[in-house]
Amino acid sequence: MKDLHILPLLSLVSLATGHGAVTSYVIGGKTYNGYDGFAPSTSGPTIQRQWPDYNPILSSTSPMMTCNGGTSAQLSAPIAAGDNITAVWKQWTHQQGPVMVWMYKCEGDFSSCTGSGKNWFKIDQLGLTAPPLTSANWGTAVVCKNLKWSSVIPKQLAPGNYLIRHELLALHQTNTPQFYPECAQLVVSGSGTALPPANYMYSIPTYASMTDPGVMDAWQEMGRMSSVGFLLGSSCAQHVNMYSC
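Per mature numbering (1 follows the signal peptide of the UniProt record, and there is no 0), the sequence shown runs over residues -18 to -1, 1 to 227.
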């Protein structure tokens, strides 16, 4: 007979092992450890803002959406505009949903940079690459296979202190989108002067509503899925080298 007292604990373990989070970053061949939500006392200083566990955020309006509850980290990583950053997941299991990478320019030092306001812009994303919606032809399936995601910091981006936010949106469960964001602190160098125009900036949370066509379950019969966080239109072409649209 099973011990009924351990069943809730086993359920929590099962839930945790079914999800994931960014646990390190690679920049210029150097690995920067991320935060370990299950062993905070042994995590050590990190460029990543603290996150609590592998569990998802279930509302696009939750304050946790900004950086999964994280505030200022102890460290930051240098990166040149035009260089690659690779986020690494210790585990990830979901294959239906988009990958999105956002940045936010801090006005001052990281300790006072909260990520608030309409200043987030997207530099990378991959959604559904081929039908059907229930297939593994999604950005999150790439993460599931490789446990990493590489993005280029826009070459003409103005230098300064930035938050970079990797977000996975899991759509495998009917009517229950699951958001998994983590943030890290970057010091971007370069001679660029550009930032996206105001109509390409978003607030997080609230960049998308729970009824947005891009926040849906992968089992619905839909002919087209909008990319959450993007403004779609002819003006995208002139900005494609700056950030995704």
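Here a beta-carbon is modelled for each residue, glycine too, at the ideal position from N, C-alpha and C. All of these numbers come straight from a predicted model, not from anything done at the bench.
Paired residues, beta bridge with residue i - DSSP
| i | result |
| --- | --- |
| arginine 31 | DSSP, once it has assigned bridges, lists no residue as partnering arginine 31. |
| proline 163 | Glu149 |
| residue 241 | The question about residue 241 has no answer here: the residues shown for the chain are numbered -18 through 227. |
| threonine 68 | Val8, Ser132 |
| residue 240 | The structure shown does not extend to residue 240, since the chain is modelled only from -18 through 227, so no value can be given for it. |
| residue 229 | This structure cannot speak to residue 229, because the chain is shown only from -18 to 227. |
| tryptophan 102 | Tyr86, Tyr184 |
| leucine 139 | Ala176 |
| tyrosine 144 | Lys87, Leu168 |
Same chain, Cβ closer than 7 Å to residue i, five either side skipped, listed in chain order
| i | result |
| --- | --- |
| serine 44 | Pro187 |
| leucine 177 | Lys87, Ala140 |
| leucine 56 | What sits at residue 56 in the sequence shown is glutamine, not leucine. Only Pro27, Thr28 meet the Cβ criterion. |
Neighbourhood of residue i by C-beta, 6 Å cutoff - its chain only, sequence neighbours within 5 removed
| i | result |
| --- | --- |
| serine 25 | Tyr17, Asp18 |
| arginine 206 | In this prediction, arginine 206 scores a pLDDT of 35, lower than 50, which makes its location untrustworthy; the coordinate-derived value is nonetheless stated afterwards. The answer is none, since no qualifying residue turns up. |
| glutamine 32 | Tyr17, Gly52 |
| glycine 172 | Ala62, Ala63, Pro141 |
| glycine 2 | Tyr36, Trp71, Gln73, Trp74 |
| serine 54 | Phe92, Ser93 |
| glutamine 160 | Pro38, Ala152 |
| tyrosine 144 | Met85, Lys87, Leu168, Val170 |
| threonine 175 | Ala140 |
| tyrosine 59 | Strictly speaking, residue 59 in this sequence is alanine, with tyrosine absent from that position. Ile9, Tyr14, Ile29, Leu168, listed in sequence order. |
DSSP three-state assignment for residue i, whether helix, strand or coil
| i | result |
| --- | --- |
| lysine 127 | helix |
| histidine 1 | coil |
| glycine 172 | coil |
| asparagine 181 | helix |
| serine -5 | Reliability of the predicted coordinates at serine -5 is poor, the pLDDT of 39 falling under 50, and the value obtained from them is presented with this limitation in mind. Serine -5 falls in the helix class under three-state DSSP. |
| proline 60 | strand |
| glycine 121 | helix |
| arginine 206 | In this prediction, arginine 206 scores a pLDDT of 35, lower than 50, which makes its location untrustworthy; the coordinate-derived value is nonetheless stated afterwards. Of the three classes helix, strand and coil, the one that applies to arginine 206 here is coil, per DSSP. |
Residues near residue i in its chain [Cβ-Cβ closer than 8 Å; skip 5 each side]
| i | result |
| --- | --- |
| aspartate 65 | Ile9, Gly10, Val134, Ile135 |
| valine 4 | Gly16, Gln30, Ala69, Val70, Trp71, His148, Glu164, Ala166 |
| proline 113 | Asn119 |
| glycine 90 | Asn143 |
| threonine 122 | Trp74, His76, Gln77, Gln78, Gly79, Pro80, Val81, Leu150, Leu151, Ala152 |
| threonine 96 | Thr48, Thr53 |
Would you be able to state if there are at least three C-beta pairs under 8 Å between the region 46 to 57 and the region 154 to 173? yes
Q | the region 70 to 88 in contact with the region 100 to 109 per 3-pair CB rule at 8 Å | A | yes
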